[in-house]
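Chemist: Position one of the sequence shown corresponds to residue 234 (the working numbering), numbered consecutively onward.
The beta carbon of each residue, even a glycine, is placed where N, CA and C say it ideally should be.
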Amino acid sequence: MGDENKEGCCLSLKEEFQCSRFSLHHEDPGVFCRSQWQKGKRSLVWVLYRWALAAFFAAGVIGSIMQDFNGGRWFIFLTDWGFTLCLFTCTYGAVIATIYYFNPSYFAPGDRSLKIYWISHYTTSVLSMLITTVFWAALSSTMPEVAGELYNLWCHAFNSICMVFDCFMVAYPNRLMHFIYPFSVVLIFLVHSLIYYWAGATGIGLSTTHWIGRVLAWRLDLFVPVWL
Numbered sequence: 234m235g236d237e238n239k240e241g242c243c244l245s246l247k248e249e250f251q252c253s254r255f256s257l258h259h260e261d262p263g264v265f266c267r268s269q270w271q272k273g274k275r276s277l278v279w280v281l282y283r284w285a286l287a288a289f290f291a292a293g294v295i296g297s298i299m300q301d302f303n304g305g306r307w308f309i310f311l312t313d314w315g316f317t318l319c320l321f322t323c324t325y326g327a328v329i330a331t332i333y334y335f336n337p338s339y340f341a342p343g344d345r346s347l348k349i350y351w352i353s354h355y356t357t358s359v360l361s362m363l364i365t366t367v368f369w370a371a372l373s374s375t376m377p378e379v380a381g382e383l384y385n386l387w388c389h390a391f392n393s394i395c396m397v398f399d400c401f402m403v404a405y406p407n408r409l410m411h412f413i414y415p416f417s418v419v420l421i422f423l424v425h426s427l428i429y430y431w432a433g434a435t436g437i438g439l440s441t442t443h444w445i446g447r448v449l450a451w452r453l454d455l456f457v458p459v460w461l
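1. Look up SER268 in the DSSP assignment and say whether it is helix, strand or coil.
2. Just the C-alpha distance for ILE332 and TRP431, rounded to the nearest angstrom, thanks.
3. Do SER297 and TYR384 have their C-beta atoms closer together than 8 Å?
4. Answer yes if the segment 298-314 comes into contact with the segment 341-348, meaning at least three C-beta pairs across the two stretches below 8 Å, and no otherwise.
5. Start and end of the alpha helix (DSSP H) containing THR375?
6. Note down the Cα distance separating TRP369 from PHE335, rounded to an integer number of angstroms.
7. Taking only runs of the alpha helix (DSSP H) that begin and end inside the segment 305-339, which ones reach a length of at least 4 residues, in chain order?
8. For ARG387, tell me which candidate among PHE412, HIS411, THR312 has the shortest Cα-Cα distance.
9. If I follow the unbroken alpha helix (DSSP H) through CYS422, where does it start and stop?
10. Please report the straight-line C-alpha distance between HIS389 and PHE289, rounded to a whole angstrom.
11. Please report how far the alpha carbon of PHE316 lies from the alpha carbon of ALA330, in whole angstroms.
12. Using the beta-carbon count (16 or more within 10 Å), is GLY343 buried or exposed?
13. Since I believe THR365 is in contact with SER393 (beta carbons under 8 Å), could you give me their beta-carbon distance rounded to a whole number of angstroms?
14. Mind checking which residues open and close the alpha helix (DSSP H) that includes CYS395?
15. Give every residue of the same chain whose Cβ lies closer than 8 Å to the Cβ of TYR325, excluding the five residues on either side of it in the sequence, and list them in chain order.
16. Shortest alpha-carbon distance to ALA327 belongs to which of ALA287, VAL379, ALA291, ILE295?
17. Please report the distance separating the alpha-carbon of THR375 from that of GLU382.
18. For LYS274 and ARG267, I'd like the C-alpha separation in whole angstroms.
See below:
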């Protein structure tokens with residue numbers, strides 16, 4: 234009996250590493266529009282939850298921009314890319330849930346808008362955990378004066394807490410092979426940081442140093458990023 238359970242577990246893991254798992258097609262569009270915990274097909278509580286989560290991130294992003302805009306430099310940090318993605322994903326999810334609540338047959342299997350939501354939610358969840366881990370493991374000790382500030386906690390702690398919690402709420406599955414999407418965002422950010430370095434621009438509060446914040450610089454002789 235134990236061997237059968239082991240075989241079933243291994244088979245499921247093996248199936249996750251199939252090329253078909255790169256696909257964003259799902260036969261049931263409803264799984265993207267409802268919670269795995271709701272009993273009926275539609276739930277007003279779920280719609281209100283999705284809008285509350287979107288409002289939570291909207292308040293955080295708007296407040297962070299107002300506090301740290303710094304001539305547009307707010308947009309150069311991976312943290313703020315991830316924070317913005319949290320707002321986009323949760324707002325997008327709220328719109329989808331609302332449309333589904335009023336018209337459950339609106340979305341067809343393989344709908345492009347649902348594929349965008351699937352990509353954005355998986356990417357945002359992974360990126361949020363990455364940002365939180367890097368900040369608290371490597372950076373928080375270098376800036377103790379701001380580590381406990383509200384907006385810092387909002388974008389370096391609450392982001393991943395909310396997104397991980399949301400992963401347990403949504404009804405659609407996560408695919409291991411979808412790692413290519415958050416990986417692509419990180420690659421795009423590295424290219425962005427290199428262009429930023431080449432352009433001679435500086436980070437916030439840095440007059441002569443051409444890197445983004447206290448983490449990422451470039452050794453152009455080696456053409457590799459240097460984590461500071």
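Modeler: This is what the structure gives:
1. strand
2. 45 Å
3. yes
4. no
5. Counting along the chain, THR375 falls outside any alpha helix (DSSP H), and DSSP gives it neither H nor E.
6. 42 Å
7. 311-335
8. The displayed chain sequence assigns Trp, not Arg, to residue 387. The shortest C-alpha separation from TRP387 is found at THR312.
9. Checking the sequence, you will find Phe at residue 422 rather than Cys. First-last of the alpha helix (DSSP H) with PHE422: 413-431.
10. 14 Å
11. 21 Å
12. exposed
13. 4 Å
14. 392-400
15. ILE349, TYR350, SER353
16. ALA287
17. 14 Å
18. 8 Å
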